[in-house]
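Heads up: the sequence shown begins at 61 in the numbering used here, then just goes up one per residue. Single-structure report; data block below.
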Amino acid sequence: MPRKNYRIAHISDTHITKHGQFDESIFNMGLEALDTLNPKPDILVHTGDLTDNGILPDYELAMDKLKSVRYRYIIAPGNHDERNYGHSIFKEMIGPLDFERDEGWAKFIVLNSPEPDRDEGRLGRRRQVYLEEALRSTSAEKLKVIVFHHHLVPVPYSGREVNVLEDAGDVLDIVLQNHVDLVLMGHRHVRHAIKIDETVLVNAGTFSCIRTRGRYLQSFNVIDLSADGTIKIVEVDIKTNEERILKYFPKVNAST
Ligand SMILES: [Fe+2]
Ligand SMILES: [Fe+2]
């Protein structure tokens, strides 16, 4: 449980490109909405599909756009970032595909769920072992936050269920056994939050892709983790700047 209040801005699926599904004006409006958040987020987490095609011009444009982000940030790779051998540019321009980031108040464990030129995702045995070790080595005072692109449980309002992590059962077991506080995901372009045992699982909708679903338009999440153990997730509609409470969970961890 955090000793203070912390705030995570959770964005996903920006699909940045000059030739495809990217709405640049919505992206810029989203950045403005992020800038005006009060209180400011302690960190911004992007859960993948930074680019639309994974090609060099997409990453170059993404790097240019990221210059305007005023917060510390973490980016996980998505299946679109892996397209066209894109993971090699992701590593070069953005950073590692799997890594841990210790922010003092929280340990973020970022995992590469996509595979080259596939829409399906999996972590696989080796990454599962890496995840278990990373969780076990995290001190009890820190929040444990896992970040990856594909969803761990089905997301409603997103059509026929496809692409849930292929090894979701094993990964969910690791998550629950290790009392993970938060799992942050994207991919389905629909926001969603659910609590299973002590873990809150959150999907962000798309930030700036034109491929939205029904009336679930471009949005991002603001996740407030309070010192009293509650978690509140607010969805911000980028076009209207309207905020709506997506979910409020009374306590992060029953054992603390
Ligand atoms: Fe996407
Ligand atoms: Fe995706």
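Ideal Cβ positions, reconstructed from N, Cα and C, are used throughout, including at glycine. Here the structure is a predicted model, which is why all the values come from computation and not from measurement.
Would the region 63–76 count as touching the region 268–283 if we require 3 or more Cβ pairs under 8 Å?
Touching, yes, given that three or more Cβ pairs across the two stretches are closer than 8 Å.
Quick one, which of V215, G219 and L171 has its alpha-carbon nearest V231's?
Reading the sequence shown from its first residue, position 171 is the one you call residue 231. V231 has its Cα closest to that of L171, out of V215, G219 and L171.
Extent of the continuous alpha helix (DSSP H) run through K125
One-based indexing of the sequence shown puts residue 125 at position 65. Where K125 is concerned, the enclosing alpha helix (DSSP H) stretches over L116 to L126.
Span separating the alpha-carbon of E302 from that of V296
For the purposes of this step, residue 302 is taken as the residue at position 242 of the sequence shown. For the purposes of this step, residue 296 is taken as the residue at position 236 of the sequence shown. Taking the straight line joining both Cα atoms gives about 6 Å.
Simplified DSSP assignment, three categories, for R185:
Translated into positions along the sequence shown, residue 185 becomes position 125. Under the three-state reduction of DSSP output, R185 falls in the helix class.
Less than 7 Å between C-beta atoms, sequence neighbours within five positions excluded: which residues of the same chain meet that for L157?
Position 97 of the sequence shown, counted from the first residue, corresponds to residue 157. Hits under 7 Å: P137, H147, F150, K151 and N172.
For D83, is the beta carbon positioned less than 6 Å from some heavy atom of ligand 1?
Counting from one through the sequence shown, the residue named residue 83 turns up at place 23. No, Cβ of D83 sits at least 6 Å from all heavy atoms of ligand 1.
Nearest to W165 (by Cα), restricted to the options R182, Y119, E84 and K64:
The residue given as residue 165 occupies position 105 in the sequence shown. Closest by C-alpha distance to W165, out of R182, Y119, E84 and K64, is K64.
Apart from the five residues just before and just after R304, which ones in its own chain have a Cβ nearer than 6 Å to its Cβ?
Here residue 304 corresponds to residue number 244 of the sequence shown, with the count starting at 1. Closer than 6 Å at the Cβ level, and outside the excluded window around R304, lie E295.
Give me the Cα-Cα distance between A200 and P117, rounded to the nearest whole angstrom.
Indexing the sequence shown from 1 puts residue 200 at position 140. Indexing the sequence shown from 1 puts residue 117 at position 57. C-alpha of A200 to C-alpha of P117: approximately 43 Å in a straight line.
Ligand 1: which residues have Cβ under 7 Å from any of its heavy atoms, chain order?
Any residue whose Cβ sits closer than 7 Å to a heavy atom of ligand 1 makes the list: D73, H75, D109, G138, H140, G246, H247, H249, T266 and C269.
N139 versus L261: straight-line alpha-carbon distance, rounded:
Counting from 1 along the sequence shown, the entry for residue 139 is found at position 79. Counting from 1 along the sequence shown, the entry for residue 261 is found at position 201. One C-alpha to the other measures close to 20 Å.
Any idea which residues DSSP pairs P174 with across the strands?
For this step, residue 174 is matched to residue 114 along the sequence shown. DSSP lists G181 as partners of P174.
Nearest-angstrom Cα separation, counted from E163 out to K204:
Along the sequence shown, read from residue 1 onward, the residue named residue 204 stands at position 144. Along the sequence shown, read from residue 1 onward, the residue named residue 163 stands at position 103. Approximately 11 Å between the Cα atoms of the pair.
For the structure I just gave you, are there three or more beta carbon pairs, one from the region 266–274 and one from the region 235–244, closer than 8 Å?
Under the 8 Å Cβ criterion, the region 266–274 does not count as touching the region 235–244, having fewer than three qualifying pairs.
Evaluate the contact criterion for the region 214–223 versus the region 247–259: three or more CB pairs, one atom per stretch, below 8 Å.
Enough Cβ pairs lie closer than 8 Å, so yes.
Excluding five sequence neighbours on each side, which residues of the same chain lie with their C-beta closer than 7 Å to the C-beta of A314?
On the sequence shown, residue 314 is found 254 positions in, with the first residue counted as 1. Reliability of the predicted coordinates at A314 is poor, the pLDDT of 48 falling under 50, and the value obtained from them is presented with this limitation in mind. Excluding sequence neighbours, A314 sits near E258.
Closest Cβ-Cβ distance between I206 and chain D: below 7 Å?
As a matter of chain content, chain D is missing from the structure shown, which is built from one protein chain.
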